[in-house]
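Asks: Chains as they are written, first to last, in my numbering: chain W, 1 to 105; chain L, 1 to 173.
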Amino acid sequence: MEPLTEPVLLILLSLADQPRHGYSILKDVSDISDGRVNLSTGTLYGALRRLLEDRWIERFADEDSSRGKQSYRLTQVGHRNLQTEVSRMKKLTRLARRRVATEEA
Amino acid sequence: MTSLYRYLLQLYPAAYQGDFSEEMLDVLQEAATAATKQGHLATLKFHFRETTGLLVGSIDERLRFLFGTYPVLPLPWRRFAMRSDFRFPKAVAPLMALVFALVLFTIMRASSLAVKVTSTHIPSTGEYFSLPLSVGLWLSLAYALGAAVWLILHSMHRSGSQRLSDADTWPQK
């Protein structure tokens, strides 16, 4: 699996704790990136379509929502791939810490 | 602005519109209302971002619809690609350089002929090339054309694009 790009990683992280509909994902991505990543609707749905196609996420009608909006949630494949990516980043961070500490010493 | 966004959404392929168009319009309206509350500058930024996003998104989806893969151009939205897509193989660069050189050569040749024609009388083909030379020239042109077509097909094959598009990225559930 290739490393995920930051926006895709943020979309997956946004769906990691709970299912969300389109606008909620946009807001959450902006919040968790401290306003640094503001996705346009076109970009968000391009990414969502690809994630749906690869079966990383699935779509369902949210009955809790007042207007019965379409919501998105991670699939098992999506969860597994997100965990793999987080593990890869952890390893990278550990390596970076070691190398930087060696440099400073 | 809603009618503009509705128009821009019509630029997407029909299948995509059927799946996402209404939902995207809902999101755009919600986001526009939120941006309006933040002032004029935020609203302006929002509309610029959304218009660009929809235009770029529609081109992206159209190209995917046409070629079955994501665009090759190194544009910002490529940052969202998650897997290996079609890439031009190295053989394409010399091939394109060859085609460019041939086009330049043809233009220069045509220019020189045009000067001759305007300065003297209109010559017949026989004055420029003898019969064997003409036949040889046509054969060479046909050979060059065949070689170019073969190179293109060979390049496409070497890229493995067909195999990649047929590949099942994730195992079935």
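Backbone N, C-alpha and C define an ideal beta-carbon position, used for all residues, glycine too.
So which residues of chain W does L/Leu28 contact, with C-beta pairs closer than 8 Å?
Replies: Numbered from its first residue, the second sequence carries residue 28 of chain L at position 28. By Cβ distance, chain W contributes Thr41.
Asks: On the DSSP letters alone, give me the boundaries of the beta strand (DSSP E) that W/Glu58 sits inside.
Replies: As a working mapping, residue 58 of chain W is identified with position 58 in the first sequence. 57-61 is the extent of the beta strand (DSSP E) around W/Glu58.
Asks: Let me confirm a value: L/Tyr16 is counted as buried when at least 16 other C-beta atoms fall within 10 Å, else exposed. Which label applies?
Replies: Sequence index remark: in the second sequence, residue 16 of chain L carries index 16 (1-based). So L/Tyr16 ends up on the buried side.
Asks: Could you check which residue in L/Arg49, L/Ala35, L/Gly57, L/Met96 has the C-alpha nearest to that of L/Ile152?
Replies: Here the question's residue 152 of chain L lines up with position 152 in the second sequence. The shortest Cα separation from L/Ile152 among L/Arg49, L/Ala35, L/Gly57, L/Met96 belongs to L/Met96.
Asks: W/Phe60 to W/Leu39, Cα distance in whole Å?
Replies: In the first sequence, residue 60 of chain W corresponds to position 60, counting from 1. In the first sequence, residue 39 of chain W corresponds to position 39, counting from 1. Approximately 22 Å between the Cα atoms of the pair.
Asks: If you run the structure through DSSP and keep just helix, strand and coil, what is L/Gln38?
Replies: Taking the second sequence and counting its residues from 1, one reaches residue 38 of chain L at position 38. Correct three-state label for L/Gln38: coil.
Asks: From W/Thr5 to W/Arg49, what does the alpha carbon distance come to, in whole angstroms?
Replies: The sequence position of residue 5 of chain W within the first sequence is 5, counting from 1. The sequence position of residue 49 of chain W within the first sequence is 49, counting from 1. Rounded to the nearest angstrom, the two C-alpha atoms are 16 Å apart.
Asks: So, W/Leu52 versus W/Gly22, is the Cβ gap smaller than 9 Å?
Replies: Translated into the one-based positions of the first sequence, residue 52 of chain W becomes position 52. Translated into the one-based positions of the first sequence, residue 22 of chain W becomes position 22. Not in contact: W/Leu52 and W/Gly22 (Cβ atoms no closer than 9 Å).
Asks: Looking at the strands, I want to know which residues DSSP matches up with W/Arg97.
Replies: Position 97 of the first sequence, counted from the first residue, corresponds to residue 97 of chain W. According to DSSP, W/Arg97 bridges with nothing at all.
Asks: Would you kindly check if the distance between the Cβ of W/Val77 and the Cβ of W/Asp62 is under 9 Å?
Replies: On the first sequence, residue 62 of chain W is found 62 positions in, with the first residue counted as 1. On the first sequence, residue 77 of chain W is found 77 positions in, with the first residue counted as 1. Result no, Cβ atoms of W/Asp62 and W/Val77 do not sit closer than 9 Å.
Asks: Give every residue of the same chain whose Cβ lies closer than 6 Å to the Cβ of L/Phe46, excluding the five residues on either side of it in the sequence, and list them in chain order.
Replies: Position 46 of the second sequence, counted from the start, is the residue given in the question as residue 46 of chain L. Cβ within range, chain order: Ala35.
Asks: Check W/Ser14 in the structure and name its three-state DSSP category.
Replies: Position 14 of the first sequence, counting from 1, holds the residue named residue 14 of chain W. Three-state DSSP puts W/Ser14 in a helix.
Asks: Of all the CB atoms in chain L, is at least one closer than 9 Å to the CB of W/Leu48?
Replies: Position 48 of the first sequence, counting from 1, holds the residue named residue 48 of chain W. Judged by the 9 Å Cβ criterion, W/Leu48 is in contact with chain L.
Asks: Since W/Arg50 is in the alpha helix (DSSP H), which residue starts that stretch and which ends it?
Replies: In the first sequence, residue 50 of chain W corresponds to position 50, counting from 1. Residues 41-53.
Asks: Could one say the Cβ of L/Gly39 lies closer than 9 Å to chain W's Cβ atoms, at least one of them?
Replies: Position 39 of the second sequence, counted from the start, is the residue given in the question as residue 39 of chain L. No, its Cβ sits nowhere closer than 9 Å to a Cβ of chain W.
Asks: Going along chain W in order, which residues have a C-beta closer than 8 Å to the C-beta of L/Arg49?
Replies: On the second sequence, residue 49 of chain L is found 49 positions in, with the first residue counted as 1. The contacting residues are Asn38, Ser40.
Asks: Give me whichever residues DSSP pairs with W/Arg20 in a beta bridge.
Replies: Your numbering for residue 20 of chain W matches position 20 in the first sequence. Answer by DSSP bridge pairing, in chain order: W/Tyr72.
Asks: Pick helix, strand or coil for W/Asp34, following the three-state DSSP scheme.
Replies: Along the first sequence, one-based indexing puts residue 34 of chain W at 34. Looking at W/Asp34 - three-state DSSP - the assignment turns out to be coil, as it is neither helix nor strand.
Asks: Straight-line CA distance for W/Leu12 to L/His40?
Replies: Taking the first sequence and counting its residues from 1, one reaches residue 12 of chain W at position 12. Taking the second sequence and counting its residues from 1, one reaches residue 40 of chain L at position 40. Cα-Cα distance, rounded: 31 Å.
Asks: Once you ignore the five residues that flank L/Ser58 on each side, which residues in its own chain have a CB closer than 6 Å to its CB?
Replies: By 1-based counting over the second sequence, the position of residue 58 of chain L is 58. Once the five neighbours on either side are set aside, the close Cβ partners of L/Ser58 are Leu11, Tyr12.
Asks: Mind checking which residues open and close the alpha helix (DSSP H) that includes L/Leu9?
Replies: Within the second sequence, the letter at position 9 stands for residue 9 of chain L. It spans 2-9 - the alpha helix (DSSP H) in which L/Leu9 sits, taken as one unbroken run.
Asks: Using a beta-carbon distance below 9 Å, is L/Tyr16 in contact with chain W?
Replies: As a working mapping, residue 16 of chain L is identified with position 16 in the second sequence. Chain W, which has a Cβ nearer than 9 Å to the Cβ of L/Tyr16, makes this yes.
Asks: Mind listing which residues of the segment 70-89 of chain W have their C-beta closer than 7 Å to chain L's C-betas, in chain order?
Replies: Result list: Gln70, Val77.
Asks: Please work out which residues of its chain come closer than 7 Å, Cβ to Cβ, to W/Asn81, disregarding the five sequence neighbours upstream and downstream, and give them in chain order.
Replies: As a first step, residue 81 of chain W is located in the first sequence; it is residue number 81 there, counting from the start. These residues qualify, in order along the chain: Met1, Trp56.
Asks: Would you kindly check if the distance between the Cβ of W/Thr41 and the Cβ of L/Leu54 is under 9 Å?
Replies: One-based indexing of the second sequence puts residue 54 of chain L at position 54. One-based indexing of the first sequence puts residue 41 of chain W at position 41. Yes, these two residues count as a Cβ contact at 9 Å.
Asks: Among L/Tyr5, L/Val99, L/Ala42, L/Trp150, which residue has its Cα nearest to the Cα of L/Leu28?
Replies: Residue mapping note: residue 28 of chain L aligns to position 28 of the second sequence, counting from 1. Per the Cα distances, L/Tyr5.
Asks: Within 9 Å (strictly less), CB to CB, does W/Leu44 reach chain L?
Replies: On the first sequence, position 44 is the one that residue 44 of chain W refers to. Cβ-Cβ to chain L under 9 Å: yes for W/Leu44.
Asks: Assign L/Phe80 to one of three DSSP states: helix, strand, or coil.
Replies: For the purposes of this step, residue 80 of chain L is taken as residue 80 along the second sequence, with counting starting at 1. Here the model assigns L/Phe80 a pLDDT of 46, short of 50, so the residue's position is not dependable, and the following value carries that caveat. Residue state, collapsed to three classes: helix.
Asks: Name the chain W residues whose beta carbon is nearer than 8 Å to that of L/Ala31?
Replies: Translated into positions along the second sequence, residue 31 of chain L becomes position 31. Simply Tyr23, Leu26, Thr41.
Asks: Determine, using beta carbons only, whether L/Val56 comes closer than 9 Å to chain W.
Replies: Here residue 56 of chain L corresponds to residue number 56 of the second sequence, with the count starting at 1. Answer yes: the Cβ-Cβ gap between L/Val56 and chain W drops below 9 Å somewhere.
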